[in-house]
Amino acid sequence: MKNPLAALFHGPMTPGVLGVFGHLDDTTRAVKDLKADGREDFTVFSPMPRHELEDAIDRPPSSVRMYTLIGGIAGCSVGAWVTLYMSYDWPIQVGGKPIGSIPPYVVIMFEMTVLFGALNTLLGVALNALRAARREGTIPYDPRFSNDKFGVFVPCRPDQAGTTEAFLKQHGAEEVRRA
Amino acid sequence: MVDGMNRRRFLKVLGVTGGGAAVVAGCGIGPEPTEKLIPYLVQSEDEVPGVPTWYASTCRECPAGCGILVKTREGRAIKIEGNPASPINAGRLCARGQASLQGLYHPDRITDPMARDAQGHLVKITWDDALGRLSAKVKDARGKGIVFLTGLEASSFGDLVDEWMKQVGGRHVTYEAFAFEALREGNRLAFGSAAVPSYDFAAARYILSFGADFMETWLSPVGFQGGFSKAHGFQAGRDAAMAKFVAVSPRMSLEGMNADEWIAAIPGTEGLLALAMAQVILSGHLGAAPGDAGRLTELLSRHTPAAVADATGVDAKTIERLAKEFAASKGGLAVAGGMAAQYPNGAEIVAAVNILNYVAGSVGKTVKFGGDLAAGGAGSFRDLTALLADLAGGKVALLVTHGANPGYSVAGFAAAAAKAYRVAFATVLDETAGAADLVLPDLHPLEQWGDSRPRAGVVALQQPAMQPVQSNARGAGDVIAVLAGKPGTFKDYVQGKWKAPKGQTWADAVQHGGAFGDAPVTTAHLGPDAAKIFPGKPAAPALAGDKGDVSLIVFPHYALYDGRGADKPWLQELPHPVSKIMWQSWVEVHPDTAKTWNVDNGDFLLLTTSFGSARVAAWVTPSVRPGVLAMPTGQGHVAGGRYAKDRDVNAFDLLPGAANGYGGRTFTVRASVDTTRDHRYLATLEGDPREGGESIVELLTLARATGLHAGEHAFAEEPLPEYADSAAAGWAAAQHDKASLGNYATQPTRWAMAIDLSKCTGCSACVTACYAENNIATVGEELVQRRRFLPWMRIERYFNQEEGRPVRAVTTPMLCQQCGNAPCEPVCPVFAAYHTPDGLNGQVYNRCVGTRYCANNCPYKVRFFNWFNYAERGGEHEAWPTPLDWQLNPDVTVREKGVMEKCTFCVQRIRSAEHQARIEDRSLKDGDIVPACAQGCPSEAIVFGDLNDPHSRVHALSEDPRGYHVLAGLNTKPGITYLARVVAGAEV
Amino acid sequence: MAQTTAPPTSGVRVTYDYVTRVIHRTLGDPGKGYFALLGVAVGLLTIGIICLLFLLRYGLGLAGYSHPVYWAVFITCFVFWVGIAHSGTLISAILFLFRSAWRTAVYRVAEAMTVFAVMTAGLFPLIHIGRQWYFYWLVPYPNERGLWPNFKSPLIWDEFAIGTYFTVSTCFLIMGLIPDIAAVRDLATGWRKKLYAITSLGWRGTNEQWRHYSRGYLYLAALATPLVLSVHSVVSWDFAMAQVPAWHETIFAPYFVAGAIYSGVAMVISLLIPIRRLFHLEEVVTIRHFENLAKLCLLTGMIVGFAYTTEYFIAWYGGPTPEHKAFYYRAFGPFWWAGWTMNVCNWFLPWILWFKKVRTNLTALFVISIFVNIGMWFERFTLIAIHLAGEPFEPFVKAGYNPTWADWGIMAGSFGWFFMWFLLFVKNFPAVSISEVKEVLPPPVRGRHA
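Residue numbers (the numbering used here), protein chains in the order written: chain D, 37 to 215; chain Z, 63 to 1050; chain Y, 13 to 462.
Structure representation (structure tokens):
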């Protein structure tokens, strides 16, 4: 673990239990019951987004939308500033048009809005993903999660691992693993 | 302008100290241009770098003898303009005169004397050797026949040649391909004097031209055109607002295009028409006919309008009407020449027209004997045919040629001359010089002394404007002076010949371009043979030759003339005023004729006459009489440098080699026509044949025009409703406020132009002026065919297409309109096209990236793109091979590949005038600034000035009732106001 | 989200696992045919590059331009490729917002096509300007000349629109790819494993990742939708802002957008049909997808046809105006063949798509889509080159126009360039979205507790 980045992302593995599910409804039920126990720290793996899971996990909507909004507003104002400032910085008359004529500049403003909005959205996703990665880098993963299996990882102290295993098993986990 | 001696001393100084590699080379110091930049060590008091020096001289491109001013920069001639002091051309100059610069800087000029070696190739020799050979030849040719063949030389040079020939017992023959034999013979018939009178177009109230192309090549085109537009141009308030102009000729020439009425009579019957008109006038006592006119009664009685109607193809009513109008004008002028003077009966036609003038009482008023033109002295074609006979018969041992090129214009010449020892003074190896045994590099007229006597009372002096471009060339005058044992140089000879009129010294004569006087007008009366013309029954003459049944007219090309213009790219790429064709030869075919032959534009026709044949591309046009073909001279050189050589066909090959009745050459022949399958794109300026009958030119009838009062507008755009009007005005005001910032804030000047279409003849002198002033590249035939030309100023020619109406051609100059709301500006992404504070559409060449959006958005299509690098050394499309590039105007950028260029109203002239005003601490006066096109315009149709100055001429003209803007509906607010052409006639 | 719509695939055998594997299989070793195609593409590209080098050395004069035809084949190709680029984002973004499930199987191909088409289109403005080496003067950067570009010029709008469109559609493509790359990563071996490990950016499909990802994707789609509509509007304003008759029209924006989507969808069809065959995706990409694409084609085709009709009608109804001359010239001028090619291919041909038989017949669809592409190219050619040649304002400069080898060579090069990228893409990245296809499959349910 020389690499400081690696040290950052691959911290000591989180102790806990990973359950691999073959069916969506099992997974959903497991998640629901975990929530019923008041647990929030579990992680769910799925090959695709499913609204059943989202509802079950029931987290607040992502903060990415704020990034989009801010980016959009910033882009619009940059567009307006660029066009108007540059027009008056060295005023040159063309075709009898006003030096700073708004209608044509609206086009630029619009394009900048979209551009900045989009880039900022990506930024938002990236930052959030990074924050999540801080923790998710330390929990086990199974290649099948990108194919056709669902997974639920429940962090717990080694002495509680047994009960957690049992919990996952009776919720239909096809296999459980300790980490 | 400084006097000659100072100038020469100065040039020596400049030559030694140099003003940069260019000048050093220009002054012929050292074999190769050095790359060192040498500052002035001794600043000569009359030369400031960057400030042009002007030299008065005389144009030698044709015998007219126009006065010119040569603009030189740092020792280089860069532009030629007319000399305002000269009575011949009053400060104007035609395309050919302006293009003589390219003769001076021609890349194929002869550098050294050359003689034939054993293999018969021309090889360079020294001057001593050359002169040795020449004098030896002269010695042993004495008595065996020595002939000196020159062009028309009414000058000291001619005198010198005469004297020398007298010494050595030779003879001096002058030859002009378009001499004026018919004119002189016709005058002799009518008035008993072969002199060529001067024609006062300006004083004329009614102008009748029988074939005379007096605005193109006839006698003194620049002066005549100036006078013509003074008389014919519409000017409200004159007793007759304009002189009506009627052109009679089977082919519509530049004159026909300007005519209020074009009468396409059957070829050769112009004389009958004139006689019939004279008959009407005389029998009706309509004109102030002199007493002895009675002698003509018998002749005229045989030529009543009714009698000639069939022969001429013009109905009697028209003839009578014209005759009445002509007489009623009390100041009519009828001229015969050009085509009409080149028929087998040309002399009689001229005589007939003289009679018309005579009975109308015009002789002495508009036709002035006394101030006779030099053309009277030209040798006739018969002289040349005689010379040919002598040559063929071995009666000539030594033939010296200078300024004449019979090798091109007379088919049999080369063969006949082969027997003699041929010596040629020449600047480029044309057909005659190329075949010579000894070639002596002559100086260009702009490099040597000389003079010309174009008209009785006028002595036009010619002085060198710069050091010789070819350092090893010598002036023919100097050489002959030596051979003839004259003391001193040819300059001394000229000065010796020159008789000072009182109060004028040689110095200021040179400074002003010569001594300009007037000869007293003499009276003329009918000659003994006046009534003897047209003895027979009125009929069209038999044309030369017996092949075929189509009459073919060969006419002098406006720019290439008798072929001497063909080596100058400016003239090659000057769209012909009528056909708009460049770099090519063509034959004019009427649409009806074309239909019967199933011929279209660019299809090759095989013309065969009894004298030769030619394969030439057809140009289908309504501007020629059905069943008549017309073909220009000028192309088809087999020598004469890269621009002339091997280009198309030579029309002279179709013409008879024998002189006709009056000693002239017949230019109208019978031809048989075979169509071929071959086709080529015409290298023409017009995109679409005859523009589908559309036009952007506005016309007014004379009645309508005279009816207009100040403040009226014949072409006001359709009025807006009140509310819309005020809304538009308010918007414009607001717009102006928003756009008014920094330099734009105050009310600045608005450079603008007014072009009077009733004066503009479409002669295209402005186009060449523009090329010369603005370093516009010539692109050559192939690129013209691909429409890659760059004429900032183009003359558009439209034919009125309406069925059942007489064909009328209208022309309009089209150049950048310098719009107030320019469509080209806002679309440029990099501000290369922008609006200058003084109201121009600026074009920053170095800023342009070449998106060409501006050109798309320009409704006038006056922006041109550099598709290739025309300045690239040795490039395929190089426009200025050295030393042609010495002519480039240092005040104007040479544009790079990939940039857009356009007319700038000669912004460099505007700026220099402004600087001058600032130096003199005064504000600009109206007329301080004259763009090249306006300066060159022989009819003064173009006026330039500040539109915002209420006292400027352009402001006044922009208010003229005839004024209109092209495509005004687009709200581009053009800076150019066109004044509608006025047509003297019932309908436009 | 897909419960409302029936699954797109024929169903029975299609499981998550099947989807993953069938799509992973497309990344398998390419056959001779693939390399042959790639060779052709690269060959064309080489031809284009050679022609371009000549053009740069000697000048634009090598192309067929004339006075007044200052824009021609290059700008035609520019508009053509930008048009192609439109269906991609339309299908991925707009249909995404409309929650139409059938897009999932086809949108990846469309998006890739979009990105590469924009890459191609972007080259042409650079090629067509007179001094290509100064193209950067159009960019607003502080320079020693102290001069900024002219934001009133539609060309600058273009620059911004195309730039934005390229950036955003690329982001969109990459973002959509991440989970799928993760999926193939987990099956891949060797260098591909390394490649995907890096490009999947550590994707694991945890609920946190999905939470932000889906949001981000949604907002990108929301931004991309107006962008699609704006980009071709801006391109159309290159012409509509000029006062050339037949360019200066208010209907241009919608007319161009419809035309763009029309040509784009046609191009998707002509690309998808061979891919489906070559990669054996019959189970994933079904006839139903093609029928939907065909319907989209029909719709936009009808809009385009309507626009043509309007143009001709207004030109006729407007009386003897330059407009009138221009359209007469388009229909009956010397270049009538170009005008009628466009009319037949874009205006009349799509009518047969009203028949379900045609919409569900791949051969027919393929042929039609090719013709539509030809037609759309000619639409732009007619609009640009022909209407400039027919100059109605200045009768004296009406002119002919003949494209030269330089025009054709560089155009061929652009096709080579496009297909080279496209071929490389489909062999190295999932050409069909794995996760989104799974989304619309019935999830594996034990059902005991349901």
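Quick reminder that beta carbons are idealized off the backbone N, C-alpha and C, glycines included.
Any C-beta of chain D under 9 angstroms from that of residue i
i                       : result
residue 219 of chain Y  : yes
residue 918 of chain Z  : no
residue 886 of chain Z  : yes
residue 795 of chain Z  : no
residue 883 of chain Z  : yes
residue 1029 of chain Z : no
residue 1068 of chain Z : Only positions 63 to 1050 of chain Z appear in this structure, which leaves residue 1068 of chain Z out of reach.
Three-state secondary structure assigned by DSSP to residue i
i                       : result
residue 525 of chain Z  : coil
residue 378 of chain Y  : helix
residue 517 of chain Z  : strand
residue 530 of chain Y  : One cannot answer for residue 530 of chain Y here, as it falls past the ends of chain Y, which runs 13 to 462.
residue 734 of chain Z  : strand
residue 1039 of chain Z : strand
residue 903 of chain Z  : strand
Short CB-CB distance (under 9 angstroms) between residue i and chain Z
i                      : result
residue 16 of chain Y  : In this prediction, residue 16 of chain Y scores a pLDDT of 33, lower than 50, which makes its location untrustworthy; the coordinate-derived value is nonetheless stated afterwards. It does not: the Cβ of residue 16 of chain Y has no partner Cβ on chain Z nearer than 9 angstroms.
residue 147 of chain Y : yes
residue 216 of chain D : With chain D running from 37 to 215 in the structure shown, residue 216 of chain D is simply not present.
residue 367 of chain Y : no
Within chain Y, partners of residue i - CB distance below 8 angstroms
i                      : result
residue 122 of chain D : 152, 160, 161, 163
residue 961 of chain Z : 142, 143
residue 126 of chain D : 158, 159, 160
Any non-hydrogen atom of the ligand ADP closer than 8 angstroms to residue i Cβ
i                     : result
residue 87 of chain D : Ligands in the displayed structure: none, and consequently the ligand ADP is not present.
Delimiting residues of the beta strand (DSSP E) encompassing residue i
i                      : result
residue 963 of chain Z : 962-964
residue 896 of chain Z : 895-897
Residue i: contacting residues in chain D (beta-carbon distance under 9 angstroms)
i                      : result
residue 463 of chain Y : Because chain Y here runs from 13 to 462, residue 463 of chain Y falls outside it and cannot be looked at.
residue 800 of chain Z : 133, 134, 135, 136, 137
Range of the contiguous alpha helix (DSSP H) that encloses residue i
i                      : result
residue 443 of chain Z : 443-454
Chain Z residues whose Cβ lies nearer than 8 angstroms to that of residue i
i                      : result
residue 130 of chain D : 884, 887, 888, 890, 893, 895, 896, 897
Test: residue i CB closer than 9 angstroms to a CB of chain Y
i                      : result
residue 930 of chain Z : yes
residue 911 of chain Z : yes
residue 89 of chain D  : yes
Closer than 7 angstroms at the beta carbon, the chain Z residues around residue i
i                     : result
residue 70 of chain Y : 930
9 angstroms Cβ cut-off: residues of chain Y touching residue i
i                      : result
residue 923 of chain Z : 79, 80, 403, 405, 406, 408, 409
Query raised in the report: Using 8 angstroms as the Cβ pair cut-off and three pairs as the minimum, do the region 403-413 of chain Y and the region 53-71 of chain Y touch?
Result: no
Query raised in the report: Are three or more beta carbon pairs between the region 538-555 of chain Z and the region 502-518 of chain Z nearer than 8 angstroms?
Result: yes
Requested in this report: Determine, using beta-carbon pairs with one atom in the region 121-138 of chain D and one in the region 228-237 of chain Y, whether at least three such pairs fall under 8 angstroms.
Outcome: no
Requested in this report: Taking 8 angstroms as the threshold, find out whether the region 479-488 of chain Z comes into contact with the region 402-409 of chain Z through three or more Cβ pairs.
Outcome: no
**Report entry** Touching by the beta-carbon criterion (3+ pairs, under 8 angstroms), the region 993-1006 of chain Z and the region 816-824 of chain Z
**Finding:** yes
Query raised in the report: Does the pairing of the region 430-443 of chain Z with the region 257-275 of chain Z give three or more beta-carbon distances under 8 angstroms?
Result: yes
Query - Cβ contact (3+ pairs, closer than 8 angstroms) linking the region 145-159 of chain D and the region 169-178 of chain Y - result: yes
Query raised in the report: Are three or more beta carbon pairs between the region 368-385 of chain Y and the region 37-48 of chain Y nearer than 8 angstroms?
Result: no
Requested in this report: Give a yes or no on contact between the region 125-141 of chain Y and the region 294-314 of chain Y, applying the rule of three or more CB pairs nearer than 8 angstroms.
Outcome: no
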